[in-house]
Amino acid sequence: MPVRIRPAEPSAAEIAALAKLRHDAFFVGSDRSLEQDRSELESFVRNQGYEIALVAEQDGRLAGTCLFVREEIDPLHDVSPWLAGLVVAPEFRGQGMGRLLVKAVEAHARSVGCERLHLYTSSAEGLYASLGWQVVERVPDGDELSVLMAKDL
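FYI, UniProt numbering numbers position 23 of the sequence shown as 23, with every residue one higher than the one before it.
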């Protein structure tokens, strides 16, 4: 069955599933709790418009998510807007879900008049480079090295 990319829905079940996926990928061991992410994600999804949370689903199952936001949670650079929070559920990795979500965020960004999009990554530079993103800067971020990337739309 084909992958469907759509805006996230403000249902409690979908928000809980998205928050769990995001928390497991980005926030385990941090000060950001699952409940905090769930609450902020719920508010974000209820107020989508310019900013948007996209969901990939296949066979009615959550396959991944990605955000288009004005500001990153902890930005190291004063730029905007951002592709943020790309995560694919483990059972769907390696099937092109990430690529589809990135392209959908790029399309949304163009549709709202954005000419340049930014992101941080510490582990997916190759994916983004293969989609035409360019490295702007490599910066220490705690114990990791983050890469600021950008793409002209």
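For every residue, glycine included, the Cβ atom is placed at its ideal position computed from N, Cα and C.
It should be emphasised that the depicted structure is a prediction, and the values quoted were computed from it without experimental measurement.
CA nearest to the CA of residue i, picked from the options
i: S30; options: G64, Q95, D143, M1; result: D143
i: residue 157; options: H23, V28, G49, V136; result: The structure shown does not extend to residue 157, since the chain is modelled only from 1 to 153, so the question has no answer here.
i: W133; options: A107, A150, A124, A84; result: A150
i: G126; options: L148, A19, F44; result: L148
i: residue 154; options: S122, V135, S111, G98; result: Given that the chain is displayed from residue 1 to residue 153, the structure contains no residue 154 and the question cannot be resolved.
i: residue 157; options: E115, G113, C114, H108; result: With the chain represented from 1 up to 153, any question about residue 157 goes unanswered, as that position is not in the structure.
i: A12; options: C114, G94, F26, E42; result: E42
i: L153; options: K103, S33, V45, V136; result: K103
i: F26; options: A89, R110, D78; result: A89
Residue i vs residue j beta-carbon contact at 9 Å
i: C66; j: L76; result: no
i: G64; j: V87; result: yes
i: L101; j: I5; result: yes
i: E72; j: Y120; result: yes
i: E51; j: R70; result: yes
i: L62; j: A17; result: yes
i: R138; j: S146; result: yes
i: P10; j: R46; result: yes
i: V3; j: Q58; result: yes
i: F44; j: V105; result: no
i: A56; j: L34; result: no
Residue(s) in a DSSP beta bridge with residue i
i: R138; result: V147
i: E68; result: At residue 68 the sequence reads Phe, which differs from the Glu that was named. According to DSSP, F68 bridges with I52, L83.
i: V88; result: G64
i: D152; result: R116
i: Q36; result: None; Q36 has no bridge partner.
Extent of the continuous beta strand (DSSP E) to which residue i belongs
i: L119; result: 116-121
i: R6; result: 4-7
Short CB-CB distance (under 9 Å) between residue i and chain C
i: H118; result: Included in the structure is just one protein chain, with no chain C present.
Residue i: first and last residue of the uninterrupted alpha helix (DSSP H) it sits in
i: R93; result: Element bounds for R93: n/a, residue is neither H nor E.
i: A16; result: 12-22
i: G98; result: 97-111
i: L127; result: 125-130
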